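Heads up, the thing below is written out as structure tokens.
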Amino acid sequence: MSDWVHSNYIYKYDLHNGEYMGKLHLRATPEWTQGLAFYKGDLYITNDDGDADRNEPDDLWFVPKETLLNNATYISHEMTFDLPPFRDYGEIEGIDFNSDTNQMIVLANRGMRIVLGMPQDYYPGYTREIHELYVFNIIDEDDG
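So, in structure tokens, the structure goes:
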């Protein structure tokens, strides 16, 4: 779990009993965390850190499994959600993985101007907010 505004910590809970297990301090701090998902033990974080008003894309960050039990870890930039494949700038919302097909699924919204989490108005050319799933094939290094 993470705080959307102050994304410098990930709060760890036991998935079996819900007990709080501590927090992981992320360095550098990603902004506006939207989604957290594990793939093969590693943690991936989507962030709505680009500014759609300025045509800035959002990002995906990576935390290696070897550091998840530390008190603090340095995270690395995994990818930028550029155009294409994204159709327009907007907001990254969530992430999930299909380990059976080795695919990453990302939910993105476009068309609605959002300020501090609140819908304001539509961008020019839009009459509604559009929600899209983007599917990325993952090529693992060990799949050779």
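Counted from 1, the sequence shown has number 1256 at position 113 by this note's numbering; the numbering is strictly sequential.
We treat Cβ as the ideally placed atom computed from N, Cα and C, and that holds for glycine.
If you're wondering where the values come from, they're calculated on a predicted model, not measured in any experiment.
Residue i burial status per 10 Å Cβ neighbour count (16 or more: buried)
{"i": "L1212", "result": "exposed"}
{"i": "T1244", "result": "exposed"}
{"i": "P1227", "result": "exposed"}
{"i": "Y1182", "result": "buried"}
{"i": "E1162", "result": "exposed"}
{"i": "A1171", "result": "exposed"}
{"i": "T1176", "result": "buried"}
{"i": "V1206", "result": "buried"}
Where residue i falls: helix, strand or coil (DSSP)
{"i": "D1239", "result": "strand"}
{"i": "T1111", "result": "With the chain covering only 1144 through 1287, there is no way to say anything about residue 1111."}
{"i": "E1162", "result": "coil"}
Min CB distance residue i to chain C below 8 Å
{"i": "P1267", "result": "Structure shown: chain C not included; a single protein chain is present."}
Cβ-based neighbour list, residue i, same chain, cut-off 6 Å, excluding 5 preceding and 5 following
{"i": "P1200", "result": "G1193, T1223, F1224, D1225"}
{"i": "K1208", "result": "G1184, D1185"}
Cut-off 8 Å between Cβ atoms - residues of its own chain near residue i, not counting five sequence neighbours on either side
{"i": "R1256", "result": "A1195, D1196, P1262, Q1263, D1264, Y1265, Y1266"}
Beta-carbon proximity check, residue i vs residue j, cutoff 8 Å
{"i": "G1178", "j": "G1268", "result": "no"}
{"i": "N1198", "j": "I1235", "result": "no"}
7 Å CB neighbourhood of residue i in its chain, flanking five on each side removed
{"i": "V1278", "result": "Q1246, I1248"}
{"i": "M1164", "result": "K1155, Y1156, D1157"}
Next on the checklist: To test your reading of the DSSP string, which unbroken beta strand (DSSP E) runs of 3 or more residues are found completely within the region 1177 to 1205?
Outcome noted: 1185 to 1190
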